[in-house]
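FYI, the numbering for the sequence shown is 903 to 1181, going by the numbering used here.
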Amino acid sequence: MPSLFASYLRVYEPLTAFDRDRQSYWRRYVSEGRAVAPMEGPGRQRTAVIEALGAGWTRLPDLPEEAYVLETDDSLLVCPWNLRIRVAEAALSARDGVPSVLADAFVPPVLAGQARAVVDDWRSGARVLEHGVPRVHEQIATWGVPLRWFVLFDPAERDLVTQPGRRALRYRTEISKARRRSSRALSVLRKSVGDAPITEAVEEAARWLEEFHPRSVVELDYGGLVDLLSDETLAADDSPELVTSGLAGLARGEAEEASAAYDKLVARWRAVQLLERCN
């Protein structure tokens, strides 16, 4: 279940990326006015999951097929929520590295078995043979923004709204641009720092982008994090610029410049992460 103090990395795909049944479903979904706004989505997701699971956590329920939608002059792009598979993956992840007694208390074996079956079917079942490898269109990070996400965006792609009740900070770009930026960043990082954790993280993001249609749109949404930051802080946020500056410094062999940009970025988002411990 997503935290409301979370950021989101989403991919919106054109209808042609989906099979015929899904295309028909999403067309009806939009024409009936059912599409959910990004500001409302996290709360709706949380409510849907809690209500469906119930107090017993004894089954993995069916969950509504919802999506975020982008409509342009000439196309309709969809970012499905994929809630059932995400809940299944979260249930299995919650058991990893935990003693069996505690794991069974948090995620009962019956639910874990159902979750494993759902994940296995999603990744290697009959639906894969018929429709190809499925894609999870949204990644979630609580209490911060992963630094690798900033690699995908240019500062000019920022959309900031500070009106009361509508505060938001988002970046949107064409997936082709995001792929080129991640490729350049990987090249610099491999030459400069080798197989470091940051290199692996950027490589993971790049691999994820390769799963989607070439006419997709990528979005970084600060989500509920905007409620932790003032208007002035949001307006002054230059995280993508710091990433660009750090990578440029590495490319030129100027380690001090790269380190300064990295340290500033880490300190900024560590301060947000520490808010999780406040009461």
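For glycine and all other residues, C-beta sits at the position ideal for the given N, C-alpha and C.
So Leu1144 and Leu1127 are supposed to be a Cβ contact under 8 Å. How far apart are they, rounded?
In fact, because the Cβ distance is near 17 Å, the residues do not count as touching under 8 Å.
Would the beta-carbon of Arg986 fall within 8 Å of that of Leu972?
no
By a C-beta neighbour count over all protein chains shown, 10 Å radius and 16 as the cutoff for buried, is Asp975 buried or exposed?
exposed
Look at Tyr914 and Ser1118 and say whether their C-beta atoms are less than 8 Å apart.
yes
Please report the straight-line C-alpha distance between Trp1045 and Arg922, rounded to a whole angstrom.
Distance between the alpha carbons of Trp1045 and Arg922 is about 38 Å.
Tell me the rounded alpha-carbon separation between Trp1110 and Ile1077.
11 Å
Quick one: complete alpha helix (DSSP H) runs, 4+ long, within the segment 1142 to 1169?
none
In this structure, how does DSSP classify Ala919 when only helix, strand and coil are distinguished?
helix
Burial state of Thr1101 (16 or more Cβ within 10 Å):
buried
Residues in the same chain with beta-carbon distance under 6 Å from Leu911, minus the five sequence neighbours each way, listed in chain order, please.
Gln1041, Trp1051 and Leu1122
With the cut-off set at 8 Å, would you say Phe907 and Leu1130 are in Cβ contact?
With respect to Leu1130, Phe907 sits close: the two C-beta atoms are nearer than 8 Å.
CA nearest to the CA of Asp1140, picked from Asp1061, Ala1019 and Val1120
Asp1061
From the DSSP output, in three-state form, read off Leu1131 for me.
coil
Just the Cα atoms here: how many angstroms apart are Thr1075 and Val932?
22 Å
In angstroms with no decimal places, state the Cα-to-Cα distance between Glu967 and Ala1160.
43 Å
On the DSSP bridge assignment, give the partners of Arg912 in chain order.
Glu1040 and Glu1121
If you measure from the CB of Val1038, is any heavy atom of the ligand ZN nearer than 7 Å?
Among the ligands in the structure shown, none appear at all, so the ligand ZN cannot be discussed.
Unbroken beta strand (DSSP E) run spanning Leu1088, endpoints:
Premise fails: Leu1088 lies in the alpha helix (DSSP H), Ile1077 to Ser1094, not in any beta strand (DSSP E).
How far does the alpha helix (DSSP H) with Pro1099 in it extend, from its first residue to its last?
Segment Pro1099 to Leu1111, the alpha helix (DSSP H) holding Pro1099.
Which residues bound the alpha helix (DSSP H) around Leu1049?
Leu1049 to Phe1052
Put Glu1061 into one of helix, strand or coil per three-state DSSP.
Checking the sequence, you will find Asp at residue 1061 rather than Glu. Correct three-state label for Asp1061: strand.
Return helix, strand or coil for Val989, following the three-state DSSP convention.
helix
Backbone CA spacing between Asp1006 and Ala990 [nearest angstrom]:
15 Å
Less than 8 Å between the CB atoms is what I'm expecting for Ala1058 and Ser1084, so what's the real figure, rounded?
Ala1058 to Ser1084, Cβ: 18 Å. No contact.
Please look up how many angstroms separate the CB atoms of Val1120 and Ala1080, rounded, as I've assumed it's under 8 Å.
5 Å
For Ser1132, tell me which candidate among Val1174, Ser1002, Asp1165 and Pro982 has the shortest Cα-Cα distance.
Val1174
Cα-Cα separation, Leu917 to Ala1087:
30 Å
Span separating the alpha-carbon of Val1009 from that of Ala969:
27 Å
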